[in-house]
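*Asks:*
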Amino acid sequence: MLTLTTAAFTAVLTEQLPTGLLLRMSADLDVSRASVGFLVSGYAVASCLAAVPLTALLRRYHRRPVLVGVLIVLGLCNAVAALSDSYPLTFAVRLLAGAAGGVGWSMFAGYAARMVPVERQGRAIAIALAGITVAFAAGVPAGTALAAAVGWRAGFATLAALALILAAWVIQRLPDFPGEPGTARLPVRRVIVRPGLRSVFAMTLFLLLGHQAMYTYTAPFVERSRFGNAGLVLFVFGGTTVVGVWVAGLVVDRHPRTTLRAALGLVAVAMLALGLFGRVPPVLLVSFVAWGAAYGAIPTLLQAAVVGACGPDQADVATSIQTTVFNLGIAGGSLAGGVALERAGVGSLPWLALVLVIAAAATAPAVRES
8 MLTLTTAAFT AVLTEQLPTG LLLRMSADLD VSRASVGFLV SGYAVASCLA
58 AVPLTALLRR YHRRPVLVGV LIVLGLCNAV AALSDSYPLT FAVRLLAGAA
108 GGVGWSMFAG YAARMVPVER QGRAIAIALA GITVAFAAGV PAGTALAAAV
158 GWRAGFATLA ALALILAAWV IQRLPDFPGE PGTARLPVRR VIVRPGLRSV
208 FAMTLFLLLG HQAMYTYTAP FVERSRFGNA GLVLFVFGGT TVVGVWVAGL
258 VVDRHPRTTL RAALGLVAVA MLALGLFGRV PPVLLVSFVA WGAAYGAIPT
308 LLQAAVVGAC GPDQADVATS IQTTVFNLGI AGGSLAGGVA LERAGVGSLP
358 WLALVLVIAA AATAPAVRES
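Residue numbers (the working numbering): 8 to 377.
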């Protein structure tokens, strides 16, 4: 299970690493801060476009070789990014990495669910997706610190090595599961029209739009305050997500809707505080603590809701759609945040995020409790 946790960590950190390196990559590649933010958007767009069709194409193959292929592609793309002096080349390999990441995200929850009895599936998903939390808690801040010490390229090189080592480990240690029969029809339309899943997909989209619009541009937002230490703020955010994922693991099999509503409310309060008092260091830190704790629980709760609604046998299909929606939110949020940053200034970001989080909360009553 920890192998899946590490794979999720690698995929998330590959996607989000430019967030912590934004200022240094901008200077080195001679592009704007928003352009570096679009490296996150590009990865997410590729995941959106690739998740469903590639999952359909690869569904008949055994799961372990597919996961190994995903990790190898991520490793090679990160290696090229570490060596590249060209923004177009860097953007291109980010697109390829995003396509691989989309396939990986379609697999993680279903893979974890197939490794345990049905009554422990929620907890298994929580453990596998804890890699998200670790990526935010330690990965992005560590990448930021590494960039400050030896340059941003070292962050991508380290990720490349991790992905390739993990691929070798998966071959040796992770149990394999068969894919679907070649004659099986991918029930995408049937999955999309399920009322419970539609609500989860809508909530995911609005939440990620809001979250990513703010999170991608944490560095310039913190830079304008009297605190001014983006690396520490990202570390605080990531550390508190550990609390969120721990809570999610406790309640995911019992009260997912109630916990989702509470988490969304806490994110909304944090955005409001950042909008009103984001220049004040104590308010800034407390808001990121609240935001991190709430956000840490949400991916596990959403993925468990998807798997619970469709069952582990169709989990790859449902989570491929969820991956598309998730990364559409990341891409749209990063893009919207970049536009807001350039046109209205960094102070507009928490207000944009607040509106979108409220829209996500409005879908919560339609999400099933079990």
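Don't be surprised by glycine CBs; every beta carbon is placed ideally from N, CA and C.
Could you check the C-alpha separation between TYR118 and LEU136 for me, to the nearest Å?
*Replies:* Sequence index remark: in the sequence shown, residue 118 carries index 111 (1-based). Sequence index remark: in the sequence shown, residue 136 carries index 129 (1-based). Cα to Cα, the separation comes out at about 11 Å.
*Asks:* To which residues of the same chain is LEU46 closer than 6 Å at the C-beta, ignoring the five residues directly before and after it?
*Replies:* As a working mapping, residue 46 is identified with position 39 in the sequence shown. Hits under 6 Å: PRO25, ARG101.
*Asks:* Could you tell me which of VAL314, VAL364, SER341 sits nearest to GLY203, measuring between CA atoms?
*Replies:* Counting from one through the sequence shown, the residue named residue 203 turns up at place 196. The option with the nearest alpha carbon to GLY203 is VAL314.
*Asks:* Look at GLY109 and LEU56 and say whether their C-beta atoms are less than 9 Å apart.
*Replies:* As a position in the sequence shown, residue 109 is number 102, starting the count at 1. As a position in the sequence shown, residue 56 is number 49, starting the count at 1. Yes, the pair counts as a contact, with Cβ atoms nearer than the cut-off.
*Asks:* Report the three-state DSSP secondary structure of LEU257 (helix, strand or coil).
*Replies:* As a first step, residue 257 must be located in the sequence shown, where it is residue number 250. DSSP places LEU257 in helix when its eight states are reduced to three.
*Asks:* Would you mind giving the Cβ-Cβ distance between MET281 and PRO357, rounded to the nearest angstrom? I have them listed as a contact below 8 Å.
*Replies:* Taking the first residue of the sequence shown as 1, we reach residue 281 at position 274. Taking the first residue of the sequence shown as 1, we reach residue 357 at position 350. At residue 281 the sequence reads Leu, which differs from the Met that was named. About 4 Å separates the two Cβ atoms, so the contact holds.
*Asks:* Residues in the same chain with beta-carbon distance under 7 Å from ALA304, minus the five sequence neighbours each way, listed in chain order, please.
*Replies:* Residue mapping note: residue 304 aligns to position 297 of the sequence shown, counting from 1. Hits under 7 Å: GLY251, VAL252, VAL254, ALA255, THR266, ALA270.
*Asks:* Using the rule of at least 16 other Cβ atoms within 10 Å of the residue's Cβ for burial, across every protein chain shown, is VAL218 buried or exposed?
*Replies:* Within the sequence shown, the letter at position 211 stands for residue 218. What sits at residue 218 in the sequence shown is His, not Val. Buried is the call here.
*Asks:* How is LEU136 classed by DSSP in three states: helix, strand or coil?
*Replies:* Walking along the sequence shown from the start, residue 136 turns up at place 129. Here LEU136 sits in coil by DSSP.
*Asks:* Would you tell me roughly how many angstroms separate the C-alpha atoms of ILE79 and LEU20, rounded to the nearest one?
*Replies:* For the purposes of this step, residue 79 is identified with residue 72 of the sequence shown, where counting begins at 1. For the purposes of this step, residue 20 is identified with residue 13 of the sequence shown, where counting begins at 1. Straight-line Cα distance between these residues: approximately 15 Å.
*Asks:* Within a Cβ cutoff of 8 Å, which residues of the same chain sit near CYS317, ignoring the five residues on either side of it in sequence?
*Replies:* As a working note, residue 317 is residue 310 in the sequence shown. Closer than 8 Å at Cβ, skipping near neighbours: VAL198, ARG201, LEU204, VAL324, ALA325.
*Asks:* By the DSSP assignment, the alpha helix (DSSP H) with TYR224 in it spans what residues?
*Replies:* Working through the sequence shown from its first residue, we reach residue 224 at position 217. Unbroken run through TYR224: none, as it is neither H nor E.
*Asks:* Which runs of the alpha helix (DSSP H) spanning at least 4 residues fall entirely within the stretch 236-294, listed in chain order?
*Replies:* DSSP runs (the alpha helix (DSSP H)) wholly in the stretch 236-294: 237-258, 263-284.
*Asks:* Taking Cβ to Cβ, would you say GLU22 is nearer than 9 Å to ILE337?
*Replies:* Numbered from its first residue, the sequence shown carries residue 22 at position 15. Numbered from its first residue, the sequence shown carries residue 337 at position 330. Against a cut-off of 9 Å, the Cβ pair of ILE337 and GLU22 comes out as a contact.
*Asks:* Given this structure, state the Cα-to-Cα distance separating GLY82 from MET210, to the nearest angstrom.
*Replies:* Taking the first residue of the sequence shown as position 1, residue 82 is located at position 75. Taking the first residue of the sequence shown as position 1, residue 210 is located at position 203. Going by the C-alpha atoms only, they are around 31 Å apart.
*Asks:* Determine the extent of the alpha helix (DSSP H) in which ALA176 is found, giving its start and end residues.
*Replies:* As a working mapping, residue 176 is identified with position 169 in the sequence shown. The question names Ala, yet the displayed sequence has Trp at residue 176. Segment 160-180, the alpha helix (DSSP H) holding TRP176.
*Asks:* What separation, rounded to the nearest whole angstrom, lies between the Cα atoms of ALA170 and ILE365?
*Replies:* If you number the sequence shown from 1, residue 170 lands on position 163. If you number the sequence shown from 1, residue 365 lands on position 358. Approximately 37 Å, taken between the alpha carbons.
*Asks:* If you follow the alpha helix (DSSP H) that GLY44 is part of, which residue opens it and which one closes it?
*Replies:* Walking along the sequence shown from the start, residue 44 turns up at place 37. Segment 40-65, the alpha helix (DSSP H) holding GLY44.
*Asks:* Please look up how many angstroms separate the CB atoms of GLY245 and PRO148, rounded, as I've assumed it's under 8 Å.
*Replies:* To locate residue 245, count along the sequence shown from 1; it is residue 238. To locate residue 148, count along the sequence shown from 1; it is residue 141. About 6 Å; that satisfies the 8 Å criterion.
*Asks:* Exposed or buried, SER48, counting other C-beta atoms within 10 Å across all chains shown (16 or more means buried)?
*Replies:* Translated into the one-based positions of the sequence shown, residue 48 becomes position 41. Its Cβ being crowded by 16 or more others within 10 Å, SER48 is buried.
*Asks:* Run the CB neighbour count on VAL350, radius 10 Å, all protein chains shown included, and call it buried at 16 or more, exposed below.
*Replies:* Residue mapping note: residue 350 aligns to position 343 of the sequence shown, counting from 1. According to the sequence as given, residue 350 is Arg; it is not Val. When all chains shown are included, ARG350 counts as exposed.
*Asks:* Kindly list the residues whose CB is nearer than 7 Å to the CB of THR10, restricted to its own chain and excluding five residues on each side of it in sequence; keep chain order.
*Replies:* Counting from 1 along the sequence shown, the entry for residue 10 is found at position 3. Contacts found: TRP176, VAL177, ARG180, LEU181.
*Asks:* Between which residues of its own chain and LEU212 is the CB-CB distance below 7 Å, once the five residues before and five after are set aside?
*Replies:* The residue you call residue 212 lines up with position 205 of the sequence shown. Result list for LEU212: VAL332, LEU335, GLY336, in chain order.
*Asks:* Hey, would you say ARG66 sits closer than 9 Å to ALA226, going by beta carbons?
*Replies:* Along the sequence shown, one-based indexing puts residue 66 at 59. Along the sequence shown, one-based indexing puts residue 226 at 219. No, these two residues do not count as a Cβ contact at 9 Å.
*Asks:* Tell me the DSSP secondary structure of ARG127 in three-state form.
*Replies:* Counting from 1 along the sequence shown, the entry for residue 127 is found at position 120. Looking at ARG127 - three-state DSSP - the assignment turns out to be helix.
*Asks:* Helix, strand or coil for THR370 per DSSP?
*Replies:* The count along the sequence shown starts at 1 and reaches residue 370 at position 363. It is coil, neither helix nor strand.
*Asks:* Just the C-alpha distance for ARG130 and LEU36, rounded to the nearest angstrom, thanks.
*Replies:* Counted from its first residue, the sequence shown places residue 130 at position 123. Counted from its first residue, the sequence shown places residue 36 at position 29. Straight-line Cα distance between these residues: approximately 42 Å.
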